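Some notes on the structure that comes next.
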Amino acid sequence: MKGDEASQRPYRMAARAEAAAATAERILDAAVEMFTERPYEDVSLDLIAAESGVTKRTLLRRFESKEALFGVAMQRAVGEMVAHRDAAPVGDVHGAVANVVGQYERWGTNRLRLLAQEDRIPVVAEWVQGGRAYHWDWVARVFAPQLAGLRGAARKRRVAALVALTDVYTWKLLRRDLGLSRADTERTLIDLIDKLEGHD
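For what it's worth, this note's numbering labels the leading residue of the sequence shown as 1161, then goes sequentially.
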């Protein structure tokens, strides 16, 4: 009998580990959703616990605090965003625009929510600043062929223009405020980027 129990122990441990991982996924899914839908100060651990079907005690045992949970949730979300953005083709304006618009279609609401809070919540500001730095680096890498030959102030202006054209606020203006379709939003951005290059 003892031998049977010993042989079953690894299976039980594996099942518990899988259950714990599934619980963590539910908590993180709920956290990302709540931090996207509501201001940081309106998101409580009680709310996230209820949304993910666990007790607040379980949540705290795993993540320790609201700030810690926010950090892990954002790390997970940013990992997905970066994997998507890093797949953008270098030098292909159409492909780069489709890539960044696709990300905003999925994550634009989240990005806009965080940007609206960066001036009052330090932990949010840290993630926003990191995203801003990544976006500049992404533009410089993906549009490297379009930037070739530019130096000094001319290069800085061109990078700034590309950063602005591919920014989430530009997507919001075209898609939400002006009501363009996704396809027309992409077409508009491509036309504007082509004009930077002097294309008709």
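We treat Cβ as the ideally placed atom computed from N, Cα and C, and that holds for glycine. All figures in this text were calculated on a predicted structure; none of them were measured in a lab.
Is DSSP giving residue i helix, strand or coil here?
i, result
"residue 1246", "coil"
"residue 1104", "Given that the chain is displayed from residue 1161 to residue 1360, the structure contains no residue 1104 and the question cannot be resolved."
"residue 1199", "coil"
"residue 1185", "helix"
"residue 1276", "coil"
"residue 1215", "coil"
"residue 1314", "helix"
"residue 1268", "helix"
"residue 1360", "Reliability fails at residue 1360, whose pLDDT of 48 lies under 50, so the model's placement of it is uncertain and the value that follows must be treated cautiously. The answer is coil: DSSP assigns residue 1360 none of H, G, I, E or B."
"residue 1251", "coil"
"residue 1352", "helix"
"residue 1161", "Caution is warranted here: a pLDDT of 48 is assigned to residue 1161, below 50, making its placement in the model unreliable, and the coordinate value is therefore given only provisionally. Coil at residue 1161, not helix or strand."
"residue 1224", "coil"
"residue 1327", "coil"
Flag residue i as yes when its Cβ comes closer than 8 Å to any non-hydrogen atom of the ligand HEM, and as no otherwise.
i, result
"residue 1268", "The ligand HEM is absent from the structure shown, which contains no ligands of any kind."
Can you tell me whether residue i is buried or exposed, with buried defined as 16 or more other CB within 10 angstroms of its CB?
i, result
"residue 1190", "buried"
"residue 1361", "Shown here, the chain extends from 1161 to 1360; a query on residue 1361 therefore has no answer."
"residue 1338", "exposed"
"residue 1324", "exposed"
"residue 1212", "buried"
"residue 1233", "buried"
Measuring alpha carbon to alpha carbon, tell me which residue in the options is nearest residue i.
i, options, result
"residue 1300", "1322, 1279, 1357", "1322"
"residue 1289", "1356, 1258, 1274", "1274"
"residue 1352", "1210, 1257, 1277, 1233", "1257"
"residue 1229", "1239, 1244, 1208", "1208"
"residue 1241", "1332, 1264, 1226, 1231", "1264"
"residue 1226", "1239, 1238, 1192, 1244", "1192"
"residue 1347", "1197, 1200, 1259", "1259"
"residue 1245", "1286, 1296, 1211, 1282", "1296"
"residue 1195", "1310, 1287, 1293", "1287"
"residue 1293", "1238, 1210, 1350", "1238"
"residue 1188", "1210, 1201, 1199", "1210"
Query raised in the report: Would you call the segment 1327 to 1335 and the segment 1268 to 1275 touching, i.e. three or more CB-CB distances under 8 Å?
Result: Contact holds: three or more Cβ-Cβ distances are below 8 Å.
Query raised in the report: Should the segment 1300 to 1310 be regarded as contacting the segment 1250 to 1258, the criterion being three or more beta carbon pairs within less than 8 Å?
Result: Short answer: they touch.
Query - Cβ contact (3+ pairs, closer than 8 Å) linking the segment 1218 to 1233 and the segment 1182 to 1198 - result: Contact between the segment 1218 to 1233 and the segment 1182 to 1198 is present, with at least three C-beta pairs closer than 8 Å.
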